[in-house]
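Q:
In our numbering, the protein residues as written are 189 to 846.
Structure, rendered in structure tokens:
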């Protein structure tokens, strides 16, 4: 890296008669000279600043030159781009803000600009806040005198600009429709520009007492605006999340914070706190991952909470619920057996890759939807739904200080883990125990009737090779777990959109639909869609993800495939029916059996782990009690290992029940 010019060289370049690009480049380089090096502390920057100020005090002509240059900077530049807009999105859209941040991050800037915000971005780095904060009061005063910062005039102009922007945002139809009615009727946003204008007028006429009254009223308005914005966020949590609305609320909160900082500056407060905040925002506005994480957290919470509501139905807590899960899983295995046979029939058509994948996805989607409509279950769909429900129980650990309460919360979590695992075991056992024998029985029935089996010997051997323990099947099973998790996200997003746009109300009260269906039928349809939109989205999306994603990835040369435990069981049973009982004596068959067990574990484990991580992130949980929870789980495994597999013992009826 090229070394910075010396102080003498930099001061020689500070010429007000130079073109704008040259003199502003000299200022940027002077700030870079002040900045401490990689192995230097903030005190080094303070010493350099003291050296610079002392040099200017010793040379009045040089000091006048610097002040003239800074005066040109203030007069020729748009101060609002720094004080009112810097660090805040001008266009309230998440995608536009992403594009803007990407440009800031990867495109070089230029000092040849009349936008003070752009020049500030080029001159300062986030680390500069450390040495600026280390300045003592006398040094701050000397620096402020040198800068000749027109605090009141610049602050009032920025206040007026920002008040108009905040008023426009706060009165947007999307926000107004979701505000608390009482806060909306108070119209705090509408009063912002007028109050700022009255404050500016009082300050310009030297009416300090009147200005203080307007300032106090402005602070009260800002508090009212914050409460109104917070009521919108509460509405979103209850009625569906819009990413753009969440982003708008975040920017609105930033503008209200900036208004208060500018108000302090206009009333004679120090400029350093605002400068430090602007430097902090300058570092934050270059980050893309923090932006995505911040604004998708609320959506993740909404998706996770809706999945948690659904997931509660998949956790068994009693013997009756356990055996009911077995029964529903057996029904799911019955349908998946037909899916397996139809999959082989579609493969025999030798369709092109895309249409073959589409047909397979349609086959899976119809089968999964049929399972849902019959109130049966497919075990591998459960983890992505049950993980958020499990994460809900961890929220009880937050804020607990009493040892007995913490112990009780940990034991409750372990109970839910045990119930969840045995529910998964029951689901997989029910699916596999019916699907495999049913496909085998169909093979034997076809052979007994003199018909061709579902698959021939060559395809049966291909099935054995594809399920080999030494092959990539376990990797494909983990990839299938990712797709299972993806379908749960799609389901949460679809239900969130359904609620956000009030489609259940539209289905019930839309005049055309009422005329077409009648009031009672429209009401039934609205209830049915509200109850089933998540399940339909999950099952249809899962089917097409399993069918089409491998085809799309194959187009790009990524040879990933799917391995689903129930479908793999059906395929293995079909191969056994074709090759006969002699296959049971071959090690390859038992290798496939072990592989199928591993497929089931990875299908469930990967999708559960991903969903659990999202659920934890959405709730902002940090597992400080992780070690204690792990110890409690190990203790339960030692003391009652069968509680993770078998249903709990039946409770004896109490005396009052007899």
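Even glycine gets a Cβ: it sits at the ideal position worked out from N, Cα and C.
Computed from a prediction, not measured in an experiment: that's the story for all the values here.
Do residue 514 and residue 614 have their C-beta atoms closer together than 7 Å?
A: Against the chain shown, residue 514 aligns to sequence position 326. Against the chain shown, residue 614 aligns to sequence position 426. Yes, the pair counts as a contact, with Cβ atoms nearer than the cut-off.
Q: Alpha carbons only, please: which of 547, 395, 763 and 436 is nearest the one belonging to residue 648?
A: Taking the chain shown and counting its residues from 1, the one referred to as residue 648 is at position 460. The option with the nearest alpha carbon to residue 648 is 763.
Q: Could you check the C-alpha separation between residue 447 and residue 590 for me, to the nearest Å?
A: Numbered from 1 along the chain shown, position 259 holds the residue referred to as residue 447. Numbered from 1 along the chain shown, position 402 holds the residue referred to as residue 590. Near 43 Å, if we compare the C-alpha coordinates of residue 590 and residue 447.
Q: What are the uninterrupted segments assigned as alpha helix (DSSP H) that are 4 or more residues long and contained completely in the segment 690 to 727, given in chain order?
A: 691 to 697 and 699 to 705
Q: Residue 353: buried (16+ other C-beta within 10 angstroms of its C-beta) or exposed?
A: By one-based count along the chain shown, residue 353 stands at place 165. Per the 10 Å Cβ criterion, buried.
Q: Cβ of residue 528 within 7 Å of Cβ of residue 758?
A: As a working mapping, residue 528 is identified with position 340 in the chain shown. As a working mapping, residue 758 is identified with position 570 in the chain shown. For residue 528 and residue 758, yes; Cβs fall inside 7 Å.
Q: How would you call residue 298, buried or exposed, if buried means at least 16 neighbouring beta carbons within 10 angstroms?
A: Looking up residue 298 in the chain shown gives position 110. Exposed is the call here.
Q: Could you please give the first and the last residue of the uninterrupted alpha helix (DSSP H) stretch that includes residue 759?
A: By one-based count along the chain shown, residue 759 stands at place 571. Element bounds for residue 759: 753 to 767.
Q: Rounded to the nearest angstrom, how far is the Cβ of residue 604 from that of residue 834, given a contact under 8 Å?
A: Start at 1 with the first residue of the chain shown, and residue 604 comes out as number 416. Start at 1 with the first residue of the chain shown, and residue 834 comes out as number 646. Between residue 834 and residue 604 the Cβ distance is about 17 Å, and since that is not below 8 Å, they are no contact.
Q: Give me the residue from 404, 774, 601 and 377 with the minimum Cα distance to residue 820.
A: The sequence position of residue 820 within the chain shown is 632, counting from 1. Closest by alpha carbon: 601.
Q: Counting only the same chain and skipping the five closest in sequence on each side, list residues whose C-beta sits under 8 Å from that of residue 628.
A: The sequence position of residue 628 within the chain shown is 440, counting from 1. Correct list, in chain order: 761, 762, 764 and 765.
Q: Do residue 532 and residue 643 have their CB atoms nearer than 7 Å?
A: Within the chain shown, residue 532 is the residue found at index 344, counting from 1. Within the chain shown, residue 643 is the residue found at index 455, counting from 1. Their beta carbons are under 7 Å apart, which means residue 532 touches residue 643 by this criterion.
Q: Measuring CA to CA, which of 372, 607 and 733 is closest to residue 668?
A: Taking the first residue of the chain shown as position 1, residue 668 is located at position 480. Of the candidates 372, 607 and 733, the one whose C-alpha sits nearest the C-alpha of residue 668 is 733.
Q: Looking only at C-alpha atoms, which of 606, 699 and 743 sits nearest to residue 828?
A: By one-based count along the chain shown, residue 828 stands at place 640. Among 606, 699 and 743, the Cα nearest to that of residue 828 belongs to 606.
Q: Looking only at C-alpha atoms, which of 370, 557 and 450 sits nearest to residue 465?
A: By one-based count along the chain shown, residue 465 stands at place 277. Ranking the options by Cα distance to residue 465, first place goes to 450.
Q: Leaving aside the five residues before and after residue 310 along the sequence, list all residues of the same chain whose C-beta is less than 7 Å from its C-beta, in chain order.
A: Taking the first residue of the chain shown as position 1, residue 310 is located at position 122. Closer than 7 Å at the Cβ level, and outside the excluded window around residue 310, lie 216, 297 and 299.
Q: DSSP three-state label for residue 603, please.
A: Numbered from its first residue, the chain shown carries residue 603 at position 415. Of the three classes helix, strand and coil, the one that applies to residue 603 here is helix, per DSSP.
Q: Indicate whether residue 520 and residue 566 have their beta-carbon atoms separated by less than 7 Å.
A: Here residue 520 corresponds to residue number 332 of the chain shown, with the count starting at 1. Here residue 566 corresponds to residue number 378 of the chain shown, with the count starting at 1. In this structure, residue 566 lies closer than 7 Å to residue 520 by Cβ.
Q: May I have the straight-line CA-CA distance separating residue 406 from residue 729, to the nearest angstrom?
A: Stepping through the chain shown from its first residue, residue 406 is reached at position 218. Stepping through the chain shown from its first residue, residue 729 is reached at position 541. Distance between the alpha carbons of residue 406 and residue 729: 51 Å.
Q: I'd like the list of long-range same chain contacts for residue 657, defined as Cβ closer than 6 Å, with 5 residues on each side in sequence excluded.
A: By one-based count along the chain shown, residue 657 stands at place 469. Correct list, in chain order: 779, 782 and 783.
Q: Taking the alpha helix (DSSP H) that residue 219 falls in, what are its first and last residues?
A: Counting from one through the chain shown, the residue named residue 219 turns up at place 31. Unbroken alpha helix (DSSP H) run through residue 219: 208 to 222.
Q: Thinking just about the alpha-carbon of each residue, which of 444, 209 and 367 is nearest to the one in residue 304?
A: Locating residue 304 in the chain shown gives position 116, where the first residue counts as 1. Nearest C-alpha to residue 304: 209.
Q: With burial defined as no fewer than 16 other Cβ atoms inside 10 Å of the residue's Cβ, what is the status of residue 540: buried or exposed?
A: Within the chain shown, the letter at position 352 stands for residue 540. When all chains shown are included, residue 540 counts as exposed.
Q: Smallest Cα separation from residue 689: which of 362, 705, 398 and 785?
A: Residue 689 sits at position 501 when you count from the first residue of the chain shown. Closest by alpha carbon: 362.
Q: Determine, using beta carbons only, whether residue 419 and residue 368 come nearer to each other than 7 Å.
A: Working through the chain shown from its first residue, we reach residue 419 at position 231. Working through the chain shown from its first residue, we reach residue 368 at position 180. In this structure, the beta-carbon distance from residue 419 to residue 368 falls below 7 Å.
Q: With a threshold of 7 Å on Cβ separation, who are the neighbours of residue 714 within its own chain once the five nearest residues in sequence on each side are excluded?
A: Your numbering for residue 714 matches position 526 in the chain shown. 692, 695 and 696.
Q: Excluding the 5 residues flanking residue 351 on each side, which residues of the same chain have their C-beta closer than 8 Å to its C-beta?
A: Here residue 351 refers to the residue found at position 163 of the chain shown. Taken in chain order, the residues that qualify are 380, 381, 383, 384 and 447.
Q: With DSSP collapsed to three states, give me the class of residue 303.
A: Looking up residue 303 in the chain shown gives position 115. Residue state, collapsed to three classes: strand.
Q: Measuring only the C-alpha atoms, how far is residue 831 from residue 598?
A: For the purposes of this step, residue 831 is taken as residue 643 along the chain shown, with counting starting at 1. For the purposes of this step, residue 598 is taken as residue 410 along the chain shown, with counting starting at 1. When the Cα atoms are used, residue 831 and residue 598 turn out to be separated by approximately 16 Å.
Q: In the structure shown, what three-state DSSP assignment does residue 245 receive?
A: By one-based count along the chain shown, residue 245 stands at place 57. Residue 245 falls in the helix class under three-state DSSP.
Q: Do you know how far the Cα of residue 505 is from the Cα of residue 463?
A: Sequence index remark: in the chain shown, residue 463 carries index 275 (1-based). Sequence index remark: in the chain shown, residue 505 carries index 317 (1-based). C-alpha separation (whole angstroms): 58 Å.
Q: On the DSSP letters alone, give me the boundaries of the alpha helix (DSSP H) that residue 660 sits inside.
A: Reading the chain shown from its first residue, position 472 is the one you call residue 660. Careful: residue 660 lies outside any alpha helix (DSSP H) and carries neither H nor E.
Q: Can you give the Cα-Cα distance for residue 702 and residue 815, rounded to whole angstroms?
A: On the chain shown, residue 702 is found 514 positions in, with the first residue counted as 1. On the chain shown, residue 815 is found 627 positions in, with the first residue counted as 1. Each residue's alpha carbon lies about 57 Å from the other.
Q: Residue 266 by DSSP, collapsed to three states: which one?
A: By one-based count along the chain shown, residue 266 stands at place 78. The answer is strand: DSSP assigns residue 266 an E or B state.
Q: Would you identify the three-state DSSP class for residue 461, choosing helix, strand or coil?
A: By 1-based counting over the chain shown, the position of residue 461 is 273. In the structure shown, residue 461 sits in a helix (DSSP, three-state: H, G or I).
Q: Less than 7 Å between the beta carbons of residue 621 and residue 790, yes or no?
A: The count along the chain shown starts at 1 and reaches residue 621 at position 433. The count along the chain shown starts at 1 and reaches residue 790 at position 602. Not closer than 7 Å, so no.
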